[in-house]
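Chains as they are written, first to last, in my numbering: chain A, 11 to 180; chain B, 658 to 1330. Below you'll find the structure, written out as structure tokens, and then a few comments.
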Amino acid sequence: MRKFLQYRPNKCMGCHSCELACSFKHEKEFNPQLARIFVEIDGSFHIPLTCSQCENPWCASICPKNAISRNLETGAMEVDQKLCVGCRMCTMACPFGLIVMGPRRIAIKCNLCSGDPECVKACTYGALEFTTEDTRILERRNMIFQFLKKSFFCLESPPKSLTLPEVKHE
Amino acid sequence: MEYFGYMGKVLWVDLDKNKVWEEDLDRNLAKKFVGDFGLGAKAAFDLIEPGIDPLSPKNFLILGAGPLTGTSIPGSSRIHIFAKLPQTGTIGACGGSMGFSGKMKYAGYDQVIIAGKSKKPVYLKIDEDPEICDASELWGKDIFDTTDLLWKKYGKHYGVIAIGQAGEHLVKFSLTLVDKFASLGKGGLAAVFGSKNLKAIVASGRKGVRIYDPEGFNKSIQEIRKDILNYPLHQDYVELGQMIDWEPLLYWMGQTNNYRKACDKKAVTEKFGPEVYVTRVKKGMAACPSCLVGCRHIMEVKSGKYQGLESYVSGIVGRVLVLGLRLGMESMESIIKGTDLVQRYGLDSHSLAGIVEFAQELYERGYIKEKDLEGIPLVGSDQAVISTIEKIAFRRGIGNVLADGTLGIIQKYGAETEKFSTHIKGMDCQMDPREVRMSPSGFAQVTCPRGGESKPGMINPAKFAFGKPIGLDAFEAYCKKAAIPETSFKKLFDSKGQVNMARLTRHAEDMYMAYSMLGICIRVHINRFYPMERLAKLYSQVTGIPLSEEGLKRTGEMVWNIWKACNMKEGFCRKDDRFPARWFEGLIELKDGQEKEIHLKDYWGNDLRAPEKVSQFMDDYYDERGWDNKLGVPSPEKLQDLGLKEEAKILTNLKVYKECKKRMKISGGGGKQ
């Protein structure tokens, strides 16, 4: 089963370790501007962002040279460095802004490090996970389950006040 | 030429001529002096003319980022700025962290040297195309607003150092903030920025930091990460930051009424302790680039008058103790408001407390008159403290006097007021050694060339031991960590087998130098994972320049000496390394309804108040350093021995030693204190 990267923004501290690890792996130097992952910060809110490896990728659809294709093993969309001509169409097409121009004037994007992402290894706060299932969804579903369990239990002995749980958007 | 670790360029900025140019980094110099602190100290020695006014165009700002900065080594994002500081008149190295240092390197520069004075407000942009830009729209704005505007203009990937209104008004204890979080510039660095009409510096770039031995480096990083994550208190640190050290810090910095009374620890903890912080105002934490221990605080006020206020600070404990305990703000929420103001205007909170408490005592003693205060007391309530902070930052009323720092106040109200202050070389000290006894952390304030700051002595085994004997095991482990050679062991222990804290201070300082040269964080939750051996190894792996741990220690010693030499040129000698008069008075502690006096003692419980005892203490330190005992400075021979032949010659030519001798004689003490 394919694995994918999931973020937990409430755990991110904005330390940029993922960016540093990414650039060191792919460019052999520490240079956050050449990383394939981007830490966005606003006050107390930090979030690491990288390519979601879309099922219907706009970057690949628009590429006139068919340079972007899926690695069937890892599920990552990869740029063929020999085919890419640096026309920037993909960078325009990506609705998330997560494919960018690299130092050799060809497009660079996350390729999941052949199935063992460096950024996940570098993140010690647990803001990045590489999993097969979206545990965030499971957690949220479990939360609502607990609430329902409590509520139905309460129906038999009605509570004094019934309050909705605080939904945390992760 | 190929550089690893270093970027290989120095950016020169002449604000007089509105000119920016770059020069190659002298590889031999970088090899000899190692990193930002060493190169900065050398540049300060060469560039800053003795005796200049710190706020004149002749002063320099020397920014430096170390060879390890910008990489993924945890806690390696420190920056140091050398300048002659207005609060003390010393040549000081101001240190701070957050993103700027790395970004300066990505722009391609190891060092940025700023000279002259601009005619109108400007900020400096450092990237592929460095330029001096007009800052007339930013002038008058506070640090948070300035940083936000610059981020809006250039993007969040730029690192920002900015000054606030306090710096613009040349307040002598104003400081700058890096990326809205990290304070940088104890001693009045922001006033130096202000005097040059320099509002901010922004940096970013697309150059990379290259590693000489990537494989070995990767291995080292894995080891360090494992050590940090496996440390039992790691999670607590990430949760609480410096708040974790609340209890010991109450003994270190919890003295009130201008260092006359010890605080009631229990009552203070109930009112402002970690629990109150976590439940009432904590919003989150943030980390410096590459750090696994995010210890920067983000606070939010959830109720009351200041509801909705969000603020950022690098260490909340100091602010709570300063604003709440010492100046008397009433609640945790109002402390956040006070912190926000101190951060926005850019003031050094420890100096603020020292100066305001000193002024309050002068008011009680009748030096400062009722009419000077314009009806608002200096301390004691939210309104009073906020008004005092504002008066100082904008130099209004009595604030204009306080803004000149302790030395300014003493000059105004007469030399006899000096005995009520707790300054060392003009800088209000951070920690009181009376409750915790004299250990390197307290003593380092006396010997630090910049002034009364305890940071250089912080890495020592006695830090939180409070007079308890240190086990031989712990001590041996420390000696190994600090790379103290076995030949020094004999002198480190006295006849009773007790550790000589004055002598130990020297080794703590050397270790501090090693961290600072390489840009590694000095906070305890990072430094504990970096023994000298590991630092030397990392340095070699990153730069490709072989260096042993002994070599690193020796270089650290040399850099400390050249930093001292910078200050010798300014006339600082043994006379200035003195204990504040207040330390010799009793600290009043209320215990079970009884007033008890706590006196200054050395670490092992012996009374340290007699002049000859203090003199002996100082002698021991200078002896361990190998310095001239009478003058309290390194002799020309010592400097030559360390490989500073040219510098020794310059000092002799400048008649620095003659000047020192003259000063020591005038003081009449001739070696006392």
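Think of the CB as a built atom: it goes at the ideal place given N, C-alpha and C, for glycine as much as any other residue. Treat the numbers as computed from the prediction; the structure is a model and nothing was measured.
Please go through the same chain and pick out, in chain order, the residues whose beta-carbon is closer than 8 Å to the beta-carbon of residue i, but skip the five residues on each side of it.
i	result
residue 882/B	731, 949
residue 1095/B	1158, 1257, 1258, 1259, 1260, 1265, 1274
Report the rounded CA-to-CA distance for residue i versus residue j, giving the unit in angstroms.
i	j	result
residue 1141/B	residue 1164/B	7 Å
residue 821/B	residue 813/B	20 Å
residue 752/B	residue 1315/B	32 Å
residue 828/B	residue 835/B	18 Å
residue 993/B	residue 1070/B	33 Å
residue 1285/B	residue 1215/B	16 Å
residue 1106/B	residue 1008/B	17 Å
residue 56/A	residue 1181/B	25 Å
residue 60/A	residue 96/A	20 Å
residue 1203/B	residue 108/A	40 Å
residue 1313/B	residue 1228/B	7 Å
residue 1155/B	residue 1169/B	23 Å
residue 1269/B	residue 864/B	57 Å
residue 130/A	residue 32/A	10 Å
residue 687/B	residue 14/A	45 Å
residue 156/A	residue 144/A	19 Å
residue 990/B	residue 960/B	8 Å
residue 1088/B	residue 1097/B	11 Å
residue 1001/B	residue 798/B	9 Å
residue 909/B	residue 933/B	20 Å
residue 93/A	residue 846/B	53 Å
Once DSSP output is grouped into helix, strand and coil, what is the label at residue i?
i	result
residue 903/B	helix
residue 604/B	Since the first and last residues shown for chain B are 658 and 1330, residue 604/B lies out of range.
residue 1095/B	strand
residue 1115/B	coil
residue 704/B	helix
residue 1330/B	For residue 1330/B, the predicted structure reports a pLDDT of 37, less than 50, and the residue's modelled location is therefore unreliable. The matter cannot be settled from this model.
residue 1084/B	strand
residue 1325/B	Low per-residue confidence applies at residue 1325/B: pLDDT is 43, beneath 50, and the placement is therefore not dependable enough to give any value.
residue 752/B	strand
residue 1150/B	strand
residue 58/A	strand
residue 747/B	coil
residue 1058/B	helix
residue 717/B	coil
residue 967/B	strand
residue 986/B	coil
Looking at the ligand NAD, does it come within less than 7 Å of residue i, judged from the CB to the closest heavy atom?
i	result
residue 1246/B	Looking at this structure, you won't find the ligand NAD or any other ligand, since it has none at all.
Shortest alpha-carbon distance to residue i belongs to which of the options?
i	options	result
residue 1341/B	49/A, 34/A, 23/A	No information on residue 1341/B is available, as it lies outside the stretch 658 to 1330 that chain B covers here.
residue 913/B	1037/B, 785/B, 857/B, 999/B	1037/B
residue 73/A	116/A, 50/A, 84/A, 127/A	116/A
residue 1080/B	1102/B, 1021/B, 1073/B	1102/B
residue 36/A	54/A, 128/A, 100/A	128/A
residue 938/B	1263/B, 945/B, 929/B	929/B
residue 697/B	1287/B, 1322/B, 1297/B, 1221/B	1221/B
residue 886/B	159/A, 134/A, 146/A	134/A
residue 1127/B	867/B, 1143/B, 1161/B	1161/B
residue 1074/B	1130/B, 846/B, 1014/B, 1041/B	1014/B
residue 87/A	118/A, 99/A, 114/A	118/A
Identify, in the order they occur along the chain, each residue of the same chain with its Cβ nearer than 6 Å to the Cβ of residue i, setting aside the five sequence neighbours on each side.
i	result
residue 953/B	838, 943, 971
residue 1238/B	1076
residue 125/A	84
residue 1091/B	1244, 1255, 1257
Just to confirm, is the Cβ distance from residue i to residue j under 8 Å?
i	j	result
residue 77/A	residue 89/A	yes
residue 1110/B	residue 741/B	no
residue 854/B	residue 1018/B	no
residue 815/B	residue 861/B	yes
residue 1054/B	residue 1031/B	yes
residue 1135/B	residue 1118/B	yes
residue 775/B	residue 712/B	no
residue 727/B	residue 737/B	no
Can you name, in chain order, every residue of its own chain whose Cβ lies under 7 Å from the Cβ of residue i, other than the five neighbours on each side?
i	result
residue 931/B	897, 900, 903
residue 729/B	878, 947
residue 1132/B	1118, 1156
residue 17/A	57, 58, 137, 138
Answer yes or no: does any C-beta atom of chain C fall closer than 8 Å to that of residue i?
i	result
residue 967/B	Looking at the structure shown, chain C is missing, and the protein chains on hand are A and B.
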